[in-house]
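A quick write-up on the structure given underneath.
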Amino acid sequence: MEKYKIACITILVSTFLSSNEIKAQNNQRETVPYYPKGFRVGFGLSGGLPTDGDYEAALGADVRLQYDLSRKTSITATTGYTHFFQTGEDSGFVPAKLGFKAFWGTQFYAQGEVGAAFGVNGQLDNSLILAPSFGYANKYFDISVRYENYSDYKTDQIGIRLAYGFSLKK
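Per our numbering, residue 32 is the first one in the sequence shown, and the count goes up by one each step.
Spelled out as C-alpha coordinates, the structure:
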(Lines of atoms letter the chains of each structure in order from A and count residues from 1; the text may use other names and numbers.)
(Lines give C-alpha, C1' and ligand atoms only; values in the text may rest on other atoms or scores of the structure.)
Protein backbone atom coordinates (compact mmCIF):
# COMPACT_ATOMS: atom_id res chain seq x y z
CA MET A 1 0.00 0.00 0.00
CA GLU A 2 2.93 2.32 0.74
CA LYS A 3 4.13 1.93 -2.86
CA TYR A 4 0.82 3.18 -4.23
CA LYS A 5 0.99 6.22 -1.96
CA ILE A 6 4.43 7.11 -3.39
CA ALA A 7 3.09 6.90 -6.96
CA CYS A 8 0.01 9.00 -6.12
CA ILE A 9 2.11 11.65 -4.37
CA THR A 10 4.42 11.91 -7.41
CA ILE A 11 1.45 12.39 -9.75
CA LEU A 12 -0.05 15.03 -7.42
CA VAL A 13 3.27 16.89 -7.17
CA SER A 14 3.60 16.83 -10.99
CA THR A 15 0.10 18.24 -11.39
CA PHE A 16 0.73 20.95 -8.77
CA LEU A 17 4.02 22.02 -10.39
CA SER A 18 2.43 22.21 -13.84
CA SER A 19 -0.55 24.24 -12.61
CA ASN A 20 1.77 26.80 -10.98
CA GLU A 21 3.81 27.10 -14.19
CA ILE A 22 0.63 27.57 -16.27
CA LYS A 23 -0.47 30.41 -13.95
CA ALA A 24 2.95 32.02 -14.26
CA GLN A 25 2.82 31.73 -18.04
CA ASN A 26 -0.64 33.30 -18.16
CA ASN A 27 0.65 36.26 -16.10
CA GLN A 28 3.61 36.75 -18.45
CA ARG A 29 1.98 36.17 -21.86
CA GLU A 30 3.74 39.11 -23.46
CA THR A 31 7.23 38.00 -22.40
CA VAL A 32 6.96 34.25 -23.12
CA PRO A 33 7.49 33.40 -26.80
CA TYR A 34 5.04 31.14 -28.60
CA TYR A 35 5.71 27.44 -28.00
CA PRO A 36 4.29 25.05 -30.58
CA LYS A 37 2.78 21.85 -29.25
CA GLY A 38 4.21 18.72 -30.76
CA PHE A 39 5.53 15.19 -30.56
CA ARG A 40 8.94 13.98 -29.45
CA VAL A 41 10.35 10.47 -29.54
CA GLY A 42 13.04 9.07 -27.26
CA PHE A 43 15.06 5.85 -27.20
CA GLY A 44 16.28 4.79 -23.77
CA LEU A 45 18.41 2.25 -21.96
CA SER A 46 17.82 1.53 -18.31
CA GLY A 47 19.34 -0.48 -15.53
CA GLY A 48 17.81 -1.27 -12.20
CA LEU A 49 18.26 -2.93 -8.87
CA PRO A 50 15.29 -4.95 -7.62
CA THR A 51 14.32 -4.03 -4.08
CA ASP A 52 13.21 -7.49 -2.99
CA GLY A 53 12.28 -10.87 -4.44
CA ASP A 54 14.33 -13.35 -6.43
CA TYR A 55 16.02 -11.03 -8.95
CA GLU A 56 19.54 -9.60 -8.85
CA ALA A 57 19.43 -6.92 -11.56
CA ALA A 58 17.28 -5.51 -14.35
CA LEU A 59 18.23 -4.22 -17.80
CA GLY A 60 15.89 -2.72 -20.36
CA ALA A 61 15.40 -0.70 -23.52
CA ASP A 62 12.42 1.47 -24.37
CA VAL A 63 10.80 3.82 -26.84
CA ARG A 64 8.85 6.80 -25.52
CA LEU A 65 6.44 8.97 -27.49
CA GLN A 66 5.90 12.34 -25.81
CA TYR A 67 3.36 15.00 -26.69
CA ASP A 68 4.25 18.43 -25.32
CA LEU A 69 1.09 20.17 -24.15
CA SER A 70 3.12 23.26 -23.19
CA ARG A 71 6.69 24.16 -22.26
CA LYS A 72 6.12 22.64 -18.83
CA THR A 73 3.74 19.70 -19.33
CA SER A 74 3.72 16.57 -21.48
CA ILE A 75 1.89 13.28 -21.77
CA THR A 76 3.88 10.14 -22.57
CA ALA A 77 3.43 6.60 -23.90
CA THR A 78 6.29 4.15 -23.28
CA THR A 79 6.97 0.57 -24.33
CA GLY A 80 10.03 -1.63 -24.67
CA TYR A 81 11.51 -4.68 -22.97
CA THR A 82 12.83 -5.25 -19.43
CA HIS A 83 14.84 -8.31 -18.43
CA PHE A 84 15.25 -9.49 -14.83
CA PHE A 85 18.40 -11.48 -14.07
CA GLN A 86 18.55 -14.15 -11.39
CA THR A 87 20.69 -17.14 -10.47
CA GLY A 88 18.15 -19.61 -11.88
CA GLU A 89 15.98 -18.82 -14.89
CA ASP A 90 15.80 -15.18 -16.02
CA SER A 91 12.48 -13.43 -16.71
CA GLY A 92 11.37 -10.63 -18.99
CA PHE A 93 8.36 -8.48 -19.76
CA VAL A 94 7.10 -5.86 -22.19
CA PRO A 95 5.79 -2.72 -20.43
CA ALA A 96 3.05 -0.50 -21.83
CA LYS A 97 2.77 2.73 -19.81
CA LEU A 98 1.01 6.10 -20.07
CA GLY A 99 2.34 9.06 -18.11
CA PHE A 100 2.26 12.73 -17.25
CA LYS A 101 5.47 14.79 -17.08
CA ALA A 102 5.73 18.22 -15.43
CA PHE A 103 8.85 20.39 -15.66
CA TRP A 104 9.94 22.93 -13.07
CA GLY A 105 12.61 25.41 -13.98
CA THR A 106 13.73 24.71 -17.50
CA GLN A 107 15.02 21.14 -17.50
CA PHE A 108 14.12 19.24 -14.31
CA TYR A 109 10.93 17.22 -14.19
CA ALA A 110 8.72 14.86 -12.21
CA GLN A 111 6.82 12.14 -14.01
CA GLY A 112 4.22 9.57 -13.06
CA GLU A 113 3.43 6.55 -15.22
CA VAL A 114 0.85 3.78 -14.95
CA GLY A 115 0.49 0.76 -17.19
CA ALA A 116 0.84 -2.97 -17.59
CA ALA A 117 3.71 -5.45 -17.78
CA PHE A 118 3.21 -8.43 -20.07
CA GLY A 119 5.41 -11.43 -19.20
CA VAL A 120 7.09 -12.98 -22.26
CA ASN A 121 8.66 -16.26 -21.16
CA GLY A 122 6.08 -17.84 -18.88
CA GLN A 123 7.94 -16.94 -15.68
CA LEU A 124 6.01 -13.69 -15.14
CA ASP A 125 2.28 -13.08 -15.50
CA ASN A 126 0.77 -9.76 -16.48
CA SER A 127 1.02 -7.04 -13.84
CA LEU A 128 0.02 -3.45 -13.11
CA ILE A 129 2.97 -0.99 -13.16
CA LEU A 130 3.18 2.25 -11.14
CA ALA A 131 6.33 4.27 -11.84
CA PRO A 132 7.12 7.72 -10.39
CA SER A 133 10.38 9.30 -11.59
CA PHE A 134 12.47 12.45 -11.38
CA GLY A 135 14.84 13.57 -14.10
CA TYR A 136 16.74 16.08 -16.16
CA ALA A 137 16.21 16.63 -19.89
CA ASN A 138 17.57 18.99 -22.52
CA LYS A 139 16.92 19.19 -26.25
CA TYR A 140 18.36 15.72 -26.95
CA PHE A 141 19.29 13.88 -23.73
CA ASP A 142 17.23 12.67 -20.79
CA ILE A 143 18.40 11.05 -17.55
CA SER A 144 16.02 9.98 -14.82
CA VAL A 145 15.77 7.95 -11.64
CA ARG A 146 12.58 6.00 -11.11
CA TYR A 147 10.90 3.56 -8.80
CA GLU A 148 8.78 0.88 -10.48
CA ASN A 149 6.18 -1.13 -8.59
CA TYR A 150 4.84 -4.32 -10.17
CA SER A 151 1.64 -5.35 -8.39
CA ASP A 152 1.81 -9.06 -9.26
CA TYR A 153 5.57 -9.76 -9.20
CA LYS A 154 7.72 -10.59 -6.20
CA THR A 155 9.88 -7.49 -6.76
CA ASP A 156 10.03 -3.76 -7.47
CA GLN A 157 13.00 -1.86 -8.82
CA ILE A 158 14.87 1.40 -8.55
CA GLY A 159 16.28 2.25 -11.96
CA ILE A 160 18.19 4.80 -13.98
CA ARG A 161 17.15 5.64 -17.56
CA LEU A 162 19.46 7.27 -20.13
CA ALA A 163 17.76 8.35 -23.35
CA TYR A 164 18.30 10.20 -26.60
CA GLY A 165 15.27 12.03 -27.98
CA PHE A 166 14.28 14.51 -30.65
CA SER A 167 11.31 16.49 -31.91
CA LEU A 168 9.23 15.11 -34.77
CA LYS A 169 8.50 18.67 -36.00
CA LYS A 170 10.53 20.07 -38.83
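We put the CB at the ideal spot given by N, CA and C, even for glycine.
| Asked | Found |
| --- | --- |
| Can you name the start and end residues of the beta strand (DSSP E) that Leu100 belongs to? | Note, Leu100: premise wrong, no beta strand (DSSP E); not H, not E. |
| Three-state secondary structure (DSSP) at Cys193? | It should be noted that the sequence gives Leu, not Cys, for residue 193. Residue state, collapsed to three classes: strand. |
| Under the assumption that Leu96 contacts Val125 (Cβ atoms under 8 Å), give the Cβ distance between them as a whole number of angstroms. | The pair is not a contact, with the Cβ atoms about 16 Å apart (cut-off 8 Å). |
| Keeping to the same chain, check which residues put their C-beta closer than 8 Å to that of Val145; ignore five residues upstream and five downstream. | Ala38, Lys128, Leu129, Gly130, Leu159, Ile160, Leu161, Ala162 |
| If you draw a straight line from the alpha carbon of Gly69 to that of Asp83, how long is it in whole angstroms? | 39 Å |
| Considering Cα atoms alone, identify which of Tyr181, Ser164, Asp183 is closest to Ser175. | Ser164 |
| Identify, in the order they occur along the chain, each residue of the same chain with its Cβ nearer than 6 Å to the Cβ of Gly136, setting aside the five sequence neighbours on each side. | none |
| Please report the straight-line C-alpha distance between Ile189 and Gly196, rounded to a whole angstrom. | 22 Å |
| Give every residue of the same chain whose Cβ lies closer than 7 Å to the Cβ of Tyr181, excluding the five residues on either side of it in the sequence, and list them in chain order. | Ala148, Ser158, Ile160, Asp187 |
| Once DSSP output is grouped into helix, strand and coil, what is the label at Val125? | strand |
| Let me know the secondary structure DSSP gives Thr186 once reduced to three states. | coil |
| Based on the DSSP secondary-structure assignment, which residues constitute the bridge partners of Lys132? | Ser105, Gln142 |
| Between Tyr140 and Gly111, is the Cβ-Cβ spacing less than 8 Å? | no |
| Which same chain residues, not among the five before or five after Ser105, have their C-beta less than 7 Å away from its C-beta? | Gln97, Tyr98, Asp99, Lys132 |
| Using the Cα positions of Ser101 and Thr118, report the straight-line distance between them to the nearest angstrom. | 46 Å |
| Report the partner residues of Thr82 according to the DSSP bridge assignment. | Bridge partners of Thr82: none, in fact. |
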